[in-house]
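Take a look at the structure set out below.
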Amino acid sequence: MSIVLITLGGTIAMGGVDAGRPGVVTRLTGADLTAAVPGLADLGVPLDVRDVRAVPSASLTYRQVLDVVDVASAAVADGATGVVVTQGTDTLEESAYLADLVWRHPAPLVFTGAMRNPTLAGPDGPANLLAAVRVAAAPAACDLGVLAVMNDEVHAARWVRKTHSTSTATFASPNAGPVGHVIEGAVRVLARPERREPLPRVDPNRLDATRVALYTVTLDDDGLLLGGITEGHHGLVVAGFGVGHVPADLAPLLGDLAARMPVLLTSRSGAGSVLRRTYGAVGSEADLRRRGLLDGGLLDPYKGRILLRLLLAAGLGGEALDTALARFR
Ligand code: ASP
0 MSIVLITLGG
10 TIAMGGVDAG
20 RPGVVTRLTG
30 ADLTAAVPGL
40 ADLGVPLDVR
50 DVRAVPSASL
60 TYRQVLDVVD
70 VASAAVADGA
80 TGVVVTQGTD
90 TLEESAYLAD
100 LVWRHPAPLV
110 FTGAMRNPTL
120 AGPDGPANLL
130 AAVRVAAAPA
140 ACDLGVLAVM
150 NDEVHAARWV
160 RKTHSTSTAT
170 FASPNAGPVG
180 HVIEGAVRVL
190 ARPERREPLP
200 RVDPNRLDAT
210 RVALYTVTLD
220 DDGLLLGGIT
230 EGHHGLVVAG
240 FGVGHVPADL
250 APLLGDLAAR
260 MPVLLTSRSG
270 AGSVLRRTYG
280 AVGSEADLRR
290 RGLLDGGLLD
300 PYKGRILLRL
310 LLAAGLGGEA
320 LDTALARFR
């Protein structure tokens with residue numbers, strides 16, 4: 000049994016300060032991170048550490064995340080039992096979801112990070128890393144797709160969200176709950192999400208060239224920002240109110256856009272699904288569907304944007320796009 004640990008930076012590794020400047024910066028390597036975890040060596044799991052990047056997670060790109068998936072895939076093909084990725088928590092839900100869409104191995108690919116940096120009292124990085132390694136090494140965690148492990152909870156990448164800006168209990172899966180827990184060091188899996196056929200490997204150049212905008216609707220929204228959206232964009236995700244509503248004045252504008260590019264309707268609420276046929280007013284979900292918007296179902300806006308970008312980069316459109324979306328929403 001062996002686990003590959005890929006480090007990308009983030010708070011978990013932010014143990015340094017630059018002279019004359021406030022705030023922590025990334026300084027710790029994978030070797031530093033593992034050395035700070037009590038009990039890790041006692042697990043008897045050999046760790047192969049790869050320091051790939053040292054950045055705040057706000058600066059990660061799709062291409063870099065897909066490179067990590069390639070490194071992880073090659074490691075598994077070479078016999079690694081599982082892979083752990085450490086990164087900043089800010090974009091962890093997006094990286095893990097992107098990786099999940101293309102991860103084709105039964106072996107666990109586990110993302111983790113920290114909310115309290117190593118210079119603070121009670122940093123959570125060491126505990127999260129230990130739990131993530133336990134999960135990556137656990138036979139029970141195989142075939143669950145990509146996972147996020149924080150705070151001794153195991154979350155499926157397809158459902159996990161960062162729900163709090165500072166709490167160590169920030170990661171939650173509002174629609175489903177955690178799929179497992181780490182209890183006294185043992186990995187207990189309580190639910191096994193059905194695995195979906197992974198998406199084919201996308202050409203990174205096509206992905207870079209495929210731009211999908213995300214627009215959050217707000218009270219008294221005149222939609223002015225949507226004016227130039229078709230220039231340079233190939234798709235749009237709308238984060239609507241509640242079950243997928245927008246102000247009546249925005250409905251024709253979105254309908255016009257939907258005639259020119261795929262427009263995916265999601266909810267800005269943080270949990271729950273958009274509906275399809277419950278409300279009928281102008282700007283309601285049924286009205287927007289009639290105008291050509293696509294149903295985002297349970298996809299939150301961030302996951303919807305990742306999925307739509309991958310599908311458009313793969314060349315899908317029209318009915319094929321809607322059929323593909325239906326597998327994931
Ligand atoms: N800003 C940090 C990052 O995402 C936050 C974190 O690591 O938790 O890199």
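Take the sequence shown: its position 215, counting from 1, is numbered 214 in numbering that gives the first Met the number 0, and each next residue is one higher. All C-beta atoms in this analysis are idealised placements derived from N, C-alpha and C, irrespective of residue type, glycine included. Keep in mind the model is a prediction, meaning the values are calculated, not measured.
Any heavy atom of the ligand ASP inside 8 Å of the beta-carbon of residue i?
{"i": "Asp89", "result": "yes"}
{"i": "Ser166", "result": "no"}
{"i": "Ile11", "result": "yes"}
{"i": "Ala190", "result": "no"}
{"i": "Ser72", "result": "no"}
{"i": "Gln86", "result": "yes"}
{"i": "Met114", "result": "yes"}
{"i": "Ser94", "result": "no"}
{"i": "Ser56", "result": "yes"}
{"i": "Gly8", "result": "yes"}
So is residue i buried or exposed if we call it buried at 16+ other beta carbons inside 10 Å?
{"i": "Asp77", "result": "exposed"}
{"i": "Ile5", "result": "buried"}
{"i": "Met0", "result": "exposed"}
{"i": "His163", "result": "exposed"}
{"i": "Pro92", "result": "The amino acid at residue 92 is misidentified as Pro; the sequence shows Glu. Buried, by the Cβ-count rule."}
{"i": "Asn150", "result": "buried"}
{"i": "Glu183", "result": "exposed"}
{"i": "Ala185", "result": "exposed"}
{"i": "Ile8", "result": "Here the sequence assigns Gly to residue 8, which means Ile is not the residue at that position. Buried: at least 16 other Cβ atoms inside 10 Å."}
{"i": "Ser58", "result": "exposed"}
{"i": "Asp99", "result": "buried"}
{"i": "Gly337", "result": "As displayed, the chain neither begins before 0 nor continues past 328, which places residue 337 out of reach and without an answer."}
{"i": "Leu97", "result": "buried"}
{"i": "Ser331", "result": "The shown model of the chain, from 0 to 328, leaves out residue 331, and the question about it has no answer."}
{"i": "Glu152", "result": "buried"}
{"i": "Gly234", "result": "buried"}
{"i": "Asp248", "result": "exposed"}
{"i": "Asp142", "result": "exposed"}
{"i": "Glu346", "result": "Examination of residue 346 is not possible in this model, given that the chain is present from 0 through 328 alone."}
{"i": "Asp41", "result": "exposed"}
Assuming contact is defined by CB atoms lying nearer than 9 Å, are residue i and residue j in contact in what I supplied?
{"i": "Leu27", "j": "Ile2", "result": "no"}
{"i": "Glu196", "j": "Arg308", "result": "no"}
{"i": "Val237", "j": "Leu263", "result": "yes"}
{"i": "Val82", "j": "Ala74", "result": "yes"}
{"i": "Arg205", "j": "Ala313", "result": "yes"}
{"i": "Ala139", "j": "Arg103", "result": "no"}
{"i": "Leu146", "j": "Ala155", "result": "yes"}
{"i": "Gly269", "j": "Asp299", "result": "yes"}
{"i": "Arg267", "j": "Arg275", "result": "no"}
{"i": "Thr111", "j": "Val84", "result": "yes"}
{"i": "Pro203", "j": "Leu324", "result": "no"}
{"i": "Gly241", "j": "Leu292", "result": "no"}
{"i": "Leu256", "j": "Thr217", "result": "no"}
{"i": "Ala79", "j": "Asp50", "result": "no"}
{"i": "Leu39", "j": "Val132", "result": "yes"}
{"i": "Val36", "j": "Leu128", "result": "yes"}
{"i": "Arg259", "j": "Gly296", "result": "no"}
Just checking: is the beta-carbon of residue i within a distance shorter than 9 Å of some beta-carbon in chain D?
{"i": "Ala175", "result": "No chain D is present in this structure, which holds just one protein chain."}
In terms of residues, what are the limits of the alpha helix (DSSP H) holding residue i?
{"i": "Asp99", "result": "91-101"}
{"i": "Glu318", "result": "317-327"}
{"i": "Leu119", "result": "No alpha helix (DSSP H) contains Leu119, which DSSP labels as neither H nor E."}
{"i": "Arg205", "result": "203-208"}
{"i": "Glu284", "result": "284-289"}
{"i": "Ala135", "result": "124-135"}
Determine the extent of the beta strand (DSSP E) in which residue i is found, giving its start and end residues.
{"i": "Gly239", "result": "234-239"}
{"i": "Ile2", "result": "2-8"}
{"i": "Glu380", "result": "Within the shown structure, residues of the chain are numbered from 0 to 328, placing residue 380 beyond reach of any answer."}
{"i": "Gly81", "result": "81-85"}
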